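Residues 7 to 144 (my numbering) make up the sequence shown, in order. For each residue, glycine too, the CB sits at the ideal point set by N, CA and C. The structure displayed is predicted, hence computed values, not measured ones.
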Amino acid sequence: MLLFLASVVVALLKPLLAAYADDPPAPMDAKALAGLFDAGEFAEIERTENEARQSRTINSSGFWQLERFYTLMRNHLKRDTAASIDKTRAKIAPWAKAYPDSSVWRVVLASQLIDRGWQARGTGFASTVTASGRSQLE
């Protein structure tokens, strides 16, 4: 009986999943996006984000391509330590100058600052935040 129900569910979901199985072409992968950012190819990053936004595509994993774009960008920057935040801000500055109305660089910078805040704060209760962690949040 359970096998029969599973086959019915698969049969019902198969057409739905097939509609979302196509991922956009490169450069929607981690290495390509990291390379674009590191090389200062902001026009291509903007184009990639816009393509993901306009396509409104869900990939085979069930995630929006736009969400994947920002996750990949965030993961690339997440490795940064406190010392390299200024370096990343310096890298984003020409992007902000070239695309002052863009929300993309703002989201990328904000996500890094949020990650850095959590890194400084830690994951415990507020009473467990160290003096050093508090000073980094100021």
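For Ser141 and Ser66, what's the separation of their Cα atoms in angstroms? 43 Å
Exposure of Ala32, with buried meaning 16 or more beta-carbon neighbours within 10 Å: Unreliable positioning characterises Ala32 in this predicted model, as indicated by a pLDDT of 41, which lies under 50. The coordinate reading is nonetheless provided below. Flag for Ala32 reads exposed.
Mind checking who Ile64 pairs with in its DSSP beta bridge? Trp70
For Tyr105 and Val135, I'd like the C-alpha separation in whole angstroms. 37 Å
Buried or exposed: Phe43, going by 16 or more other Cβ atoms within 10 Å of its Cβ? buried
Residue range of the alpha helix (DSSP H) that Val135 falls in? Where Val135 is concerned, there is no enclosing alpha helix (DSSP H), given that its DSSP letter is neither H nor E.
Is it the case that the Cβ atoms of Gln71 and Met34 are separated by a distance below 9 Å? yes
Got a sec? Which residues, its chain only, sit under 8 Å from Gly46 by beta carbon, not counting five neighbours each side? Lys97, Pro100, Trp101
Please name the residue, chosen from Ser133, Ser138, Glu52, that lies closest to Ala126 on a Cα-to-Cα basis. Ser138
Please report the distance separating the alpha-carbon of Gly123 from that of Arg112. 16 Å
Given Leu78 as reference, the closest of Thr63, Ile51, Asp107 once Cα atoms are compared: Ile51
Please report how far the alpha carbon of Phe75 lies from the alpha carbon of Ala58, in whole angstroms. 7 Å
Rounded distance between the beta-carbons of Arg80 and Ser117, thought under 8 Å: 5 Å
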